[in-house]
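As numbered in the working numbering, the sequence shown has no gaps in its residue numbers, which increase by one up to the final residue, 764. We put the CB at the ideal spot given by N, CA and C, even for glycine. Keep in mind it's a predicted model, so treat the numbers as computed, not measured. Have a look at the structure below, then the notes.
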Amino acid sequence: MSEHAQTDADETAATSEKLVELAKRRGYFFQSSGAYGGVGGFYTFGPQGASLKGNVEDAWRDRFAVAEGNMEIDAPTIMPEPVFEASGHLDGFDDMLIECPECGASSRADHLVEDNTEYEDAESLPIPEVEEVIAEYELVCPECGAGLADVAVEAFNLMFATNIGPGDSDPGYLRPETAQGIFVEFPRLKEYARNQLPFGVTQIGRAYRNEISPRRSIIRTREFTQAELEYFVDPEEDEPDLERVADVEVTLYPASEQNSEDGSEIETTIGDAVSEGIICDEWVAYFLGVAKPWYDSVGVDMDRFRFRQHLSGERAHYAADCWDAESEIDGNWIEMAGFAYRGDYDLSKHEEYSDDRFTIFKQYDEPKTVERATVDPDMSYLGPEFGGDAQAVVSELEALAARDRAAFEGDTIEIALEGETHDIPVEKTGFAVEEQTEAGEHITPHVVEPSFGVDRLVYTVLHHAYREDEVSGEERTYLELEPEVAPTFVGVFPLQSDDELVAHAEEIVANLRDAGLSVTYDDSGNIGRRYRRQDEVGTPFCVTVDYETVEETETTVTVRERDTTDQKRLSVDALAETLSAIRAGEMAFEEL
Ligand code: GAP
Numbered sequence: 173m174s175e176h177a178q179t180d181a182d183e184t185a186a187t188s189e190k191l192v193e194l195a196k197r198r199g200y201f202f203q204s205s206g207a208y209g210g211v212g213g214f215y216t217f218g219p220q221g222a223s224l225k226g227n228v229e230d231a232w233r234d235r236f237a238v239a240e241g242n243m244e245i246d247a248p249t250i251m252p253e254p255v256f257e258a259s260g261h262l263d264g265f266d267d268m269l270i271e272c273p274e275c276g277a278s279s280r281a282d283h284l285v286e287d288n289t290e291y292e293d294a295e296s297l298p299i300p301e302v303e304e305v306i307a308e309y310e311l312v313c314p315e316c317g318a319g320l321a322d323v324a325v326e327a328f329n330l331m332f333a334t335n336i337g338p339g340d341s342d343p344g345y346l347r348p349e350t351a352q353g354i355f356v357e358f359p360r361l362k363e364y365a366r367n368q369l370p371f372g373v374t375q376i377g378r379a380y381r382n383e384i385s386p387r388r389s390i391i392r393t394r395e396f397t398q399a400e401l402e403y404f405v406d407p408e409e410d411e412p413d414l415e416r417v418a419d420v421e422v423t424l425y426p427a428s429e430q431n432s433e434d435g436s437e438i439e440t441t442i443g444d445a446v447s448e449g450i451i452c453d454e455w456v457a458y459f460l461g462v463a464k465p466w467y468d469s470v471g472v473d474m475d476r477f478r479f480r481q482h483l484s485g486e487r488a489h490y491a492a493d494c495w496d497a498e499s500e501i502d503g504n505w506i507e508m509a510g511f512a513y514r515g516d517y518d519l520s521k522h523e524e525y526s527d528d529r530f531t532i533f534k535q536y537d538e539p540k541t542v543e544r545a546t547v548d549p550d551m552s553y554l555g556p557e558f559g560g561d562a563q564a565v566v567s568e569l570e571a572l573a574a575r576d577r578a579a580f581e582g583d584t585i586e587i588a589l590e591g592e593t594h595d596i597p598v599e600k601t602g603f604a605v606e607e608q609t610e611a612g613e614h615i616t617p618h619v620v621e622p623s624f625g626v627d628r629l630v631y632t633v634l635h636h637a638y639r640e641d642e643v644s645g646e647e648r649t650y651l652e653l654e655p656e657v658a659p660t661f662v663g664v665f666p667l668q669s670d671d672e673l674v675a676h677a678e679e680i681v682a683n684l685r686d687a688g689l690s691v692t693y694d695d696s697g698n699i700g701r702r703y704r705r706q707d708e709v710g711t712p713f714c715v716t717v718d719y720e721t722v723e724e725t726e727t728t729v730t731v732r733e734r735d736t737t738d739q740k741r742l743s744v745d746a747l748a749e750t751l752s753a754i755r756a757g758e759m760a761f762e763e764l
């Protein structure tokens with residue numbers, strides 16, 4: 173039996189506005205601190221949204237931590253300044269800010285250029301060029317219309333600053349990416365991995381960026397959730413098991429196609445993309461192959477999904493190559509995740525700036541005998557000659573011996589110290605080449621990083637699930653959410669607020685909750701309105717307890733499926749088991 177009378181409405185119409193309204197009305201998400209006028213870039217997930225987001229995070233954890241055998245950690249969101257000096261965020265994590273001289277409104281200069289000229293990737297242009305474009309096109313302030321032609325564009329650091337403890341002697345920052353919480357703990361994490369590469373560490377948590385112009389609801393916010401995996405590999409030896417993902421079909425938009433006038437997306441498989449050199453790094457390819465079916469499983473529409481390679485000017489300061497997972501939203505592509513090859517950038521920087529070791533000892537299969545150039549300087553010469561700088565000279569000599577033993581072939585050796593050069597007699601350096609037996613070497617692992625934005629994914633899942641149709645002559649809006657992520661799996665209603673029906677319904681609710689299903693109980697309004705409420709929040713099934721239920725000897729209830737609105741009568745005794753099997757994907761409603 174079905175009340176469904178019309179095919180689904182055209183999904184590609186601009187649904188964002190309607191979705192944002194539904195999200196607020198039904199408790200998915202809304203702007204925070206509304207009682208105080210609201211604050212740009214901060215959103216609260218309501219009861220439905222928090223549950224959907226939690227389900228998406230659990231699904232991510234199952235796939236990227238548990239199924240891949242990776243560890244998960246939970247690090248603080250505030251970290252001390254030296255961490256971000258080392259990571260490069262203090263110097264390099266900037267957006268282009270332009271401030272209107274008339275009304276004081278702040279805008280992102282690159283967005284202004286992209287929105288009002290034919291430039292598509294203004295973020296990768298240097299600031300002077302962006303200033304020139306603004307002048308050439310006579311761009312104006314989006315708030316008050318004042319001309320911005322002669323206004324300077326500034327680099328604005330996106331990190332939120334704070335002080336750790338009283339006073340300002342110990343500055344700290346809210347982390348702009350969860351990744352740094354993993355990198356700084358590498359010296360301990362490698363112990364938990366028994367010093368064996370490759371290994372992965374995941375983290376799901378908040379990140380903070382003081383965006384100049386937060387926009388499009390939860391797509392660009394100032395506080396958001398990331399789910400990141402930092403996968404540490406030996407670049408010389410470790411290879412992914414590409415066979416596991418070789419047949420995964422993907423839509424790719426490589427940089428070469430973006431740069432070409434008639435370039436287009438390429439339909440291929442992960443295996444072919446690697447063998448044809450479209451995706452150069454096998455680890456990045458592996459994680460794209462894992463991510464694609466996972467995005468499908470949580471409800472991203474695969475006809476509105478692609479992987480796009482970053483153009484060279486677009487890559488973050490740490491990335492050697494990067495592909496984004498993008499979803500199409502009302503005709504625009506948005507970035508949901510980045511898959512970056514970070515090389516040894518992060519670990520090398522933390523090794524350089526901290527007092528700890530960010531390398532891993534790689535044991536050889538058999539000990540190797542190698543020639544090593546060493547120095548054993550004569551301190552009775554260096555001491556009087558260089559005073560307090562003598563130790564720095566020793567370090568220079570050690571480094572030189574390791575990298576250029578030919579430099580020690582003459583009578584003197586030249587070293588530079590604080591901009592000055594000094595000649596040192598080779599005989600005073602104790603230079604020697606010795607044979608040494610070594611069991612292994614210290615290497616700096618490389619990092620491959622799948623970095624997912626949870627909020628943008630939640631937005632995409634809702635947007636791609638948004639449907640409008642007509643049921644029994646009435647317009648209906650519903651969310652075709654995957655059962656795995658839907659906030660509520662089943663709604664239970666007594667047909668009327670009759671004591672006997674209510675008692676039965678409450679017992680069913682208790683049984684379904686005991687079976688681990690997420691259940692909502694609703695006895696207000698007519699049954700049609702209750703169905704519509706659940707449709708709008710995307711509840712896959714509704715169970716109605718009616719008079720047949722209480723009169724029959726074998727008690728049955730009506731179970732209604734959300735998308736088709738088909739209804740079937742099922743035995744109460746088998747209800748929990750049947751619905752659990754449907755949720756686990758072991759059974760389909762239409763087979764009942
Ligand atoms: N650790 C790498 C990293 O942070 P990113 O591309 O800057 O890379 C990863 O961020 C993901 O985080 C993005 O793909 C996006 O989904 C999400 N994200 C970044 N900035 C965001 C913002 N202001 N609001 C919401 N999500 C954001």
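Counting pairs of Cβ atoms below 8 Å between the region 211 to 222 and the region 390 to 399, do you hit three or more?
Judged by Cβ distances under 8 Å, the region 211 to 222 makes contact with the region 390 to 399, as three or more pairs qualify.
In whole angstroms, give me the CA-to-CA distance for Thr184 and Asp627.
Its pLDDT being 41, under 50, Thr184 is placed unreliably in this model, and the value from its coordinates should be taken loosely. One Cα belongs to Thr184, the other to Asp627, and the distance between them is close to 21 Å.
Just the Cα atoms here: how many angstroms apart are Tyr425 and Gly226?
Answer to the nearest angstrom: the Cα atoms are 31 Å apart.
Go ahead and pull the three-state DSSP assignment for Glu402.
In the structure shown, Glu402 sits in a strand (DSSP, three-state: E or B).
Taking the C-alpha atoms as reference points, what is the distance between Asp671 and Thr350?
Just so you know, the alpha carbons of Asp671 and Thr350 end up roughly 52 Å apart.
Alpha-carbon to alpha-carbon, Glu656 and Glu733:
Each residue's alpha carbon lies about 15 Å from the other.
Applying the 10 Å Cβ sphere with the 16-neighbour rule, what's the burial state of Lys464?
Counting the other Cβ atoms within 10 Å of the Cβ of Lys464 gives 16 or more, which makes it buried.
Could you pull the start and end residues of the beta strand (DSSP E) that Lys534 belongs to?
532 to 546 is the span of the beta strand (DSSP E), which, as asked, contains Lys534.
Quick one: what does DSSP say Ser296 is sitting in, helix, strand or coil?
Note: Ser296 maps to helix in three-state DSSP.
Counting Cβ pairs closer than 8 Å, one from the region 411 to 422 and one from the region 437 to 449, do we hit at least three?
In this structure the region 411 to 422 lies against the region 437 to 449, because at least three pairs of beta carbons, one per stretch, are closer than 8 Å.
Give a yes or no on contact between the region 547 to 555 and the region 638 to 654, applying the rule of three or more CB pairs nearer than 8 Å.
For the pair of segments examined, the region 547 to 555 was found not to touch the region 638 to 654: the number of CB pairs separated by less than 8 Å stays below three.
State the beta-bridge partners of Tyr380 as determined by DSSP.
The partner list for Tyr380 (beta bridge, DSSP) reads Glu395.
Coil, strand or helix - Ala185 by DSSP:
Unreliable positioning characterises Ala185 in this predicted model, as indicated by a pLDDT of 43, which lies under 50. The coordinate reading is nonetheless provided below. Coil at Ala185, not helix or strand.
According to the Cβ coordinates, are Phe837 and Tyr345 closer than 8 Å?
Absent from the model: residue 837. The displayed extent of the chain is 173 to 764, so no value can be given.
Heavy atom of the ligand GAP within 7 Å of Gly264 beta-carbon:
Gly264 Cβ: outside cutoff for every heavy atom of the ligand GAP.
According to DSSP, is Asn698 part of a helix, a strand, or is it coil?
Residue state for Asn698 is assigned as coil, using DSSP reduced to three classes.
Looking only at its own chain, which residues have a Cβ that is under 8 Å from the Cβ of Glu749, when we skip the five neighbours before and after it?
Sequence-distant Cβ neighbours of Glu749 in its own chain, meaning closer than 8 Å and more than five residues away, are Ala687.
What distance in whole Å lies between the Cβ atoms of Val472 and Val633, which are believed to be in contact at a cut-off of 8 Å?
Contact holds; Cβ gap of about 6 Å.
Mapping DSSP to helix, strand and coil, what is Asp583?
Note: Asp583 maps to coil in three-state DSSP.
Buried or exposed: where does Cys494 fall if 16 or more other Cβ atoms within 10 Å of its Cβ makes it buried?
Cys494 should be labelled buried.
Is Met474 helix, strand or coil when you go by DSSP?
Met474: helix per DSSP, three-state reduction.
Looking at Met268 and the ligand GAP, is the gap between the Cβ and the nearest heavy atom below 7 Å?
Distances from the CB of Met268 to the heavy atoms of the ligand GAP are all 7 Å or more.
Quick one: Cα of Val744 to Cα of Arg480, how far?
For Val744 and Arg480, the distance between alpha carbons rounds to 49 Å.
Would you check if the distance between the CB atom of Pro539 and the CB atom of Ala611 is smaller than 8 Å?
Yes. Within cutoff.
Run of the alpha helix (DSSP H) containing Pro219, from where it starts to where it stops:
For Pro219, the enclosing alpha helix (DSSP H) stretches over residues 219 to 232.
Taking the straight line between their C-alpha atoms, what separation do you get for Ala237 and Glu720?
About 47 Å.
With the cut-off set at 8 Å, would you say Phe375 and Glu400 are in Cβ contact?
For the sequence presented, residue 375 should be read as Gln rather than Phe. Cβ distance < 8 Å, so Gln375 and Glu400 count as in contact.
So, are the CB atoms of Val691 and Thr660 less than 8 Å apart?
Cβ distance < 8 Å, so Val691 and Thr660 count as in contact.
So, at 6 Å on beta carbons, what are the nonlocal neighbours of Glu523 in its own chain, with the 5 sequence-adjacent residues on each side left out?
Excluding sequence neighbours, Glu523 sits near Phe530.
Is any heavy atom of the ligand GAP found at a distance shorter than 7 Å from the C-beta of Thr531?
Thr531: no, Cβ never under 7 Å from the ligand GAP.
Taking the C-alpha atoms as reference points, what is the distance between Glu498 and Leu629?
Our two residues, Glu498 and Leu629, have alpha carbons roughly 10 Å apart in a direct line.
Among residues of its own chain, excluding the 5 on either side of Asp406, which ones have a beta-carbon nearer than 6 Å to its beta-carbon?
A distance below 6 Å between beta-carbons, with the five flanking residues on each side excluded, links Asp406 to the following residues of its chain, in chain order: Leu369.
Mapping the DSSP letters down to three states, classify Phe624 as helix, strand or coil.
If DSSP states are grouped into helix, strand and coil, Phe624 belongs with the strands.
Glu244 and Arg235 - do their beta-carbons sit closer together than 8 Å?
In this structure, Glu244 does not lie closer than 8 Å to Arg235 by Cβ.
If you measure from the CB of Met156, is any heavy atom of the ligand GAP nearer than 7 Å?
The first residue shown for the chain is 173 and the last is 764, placing residue 156 beyond what the model contains.
Cutting at 7 Å between CB atoms, please list the residues of its own chain near Asp475, excluding the five before and the five after it.
Result list for Asp475: empty, nothing under 7 Å.
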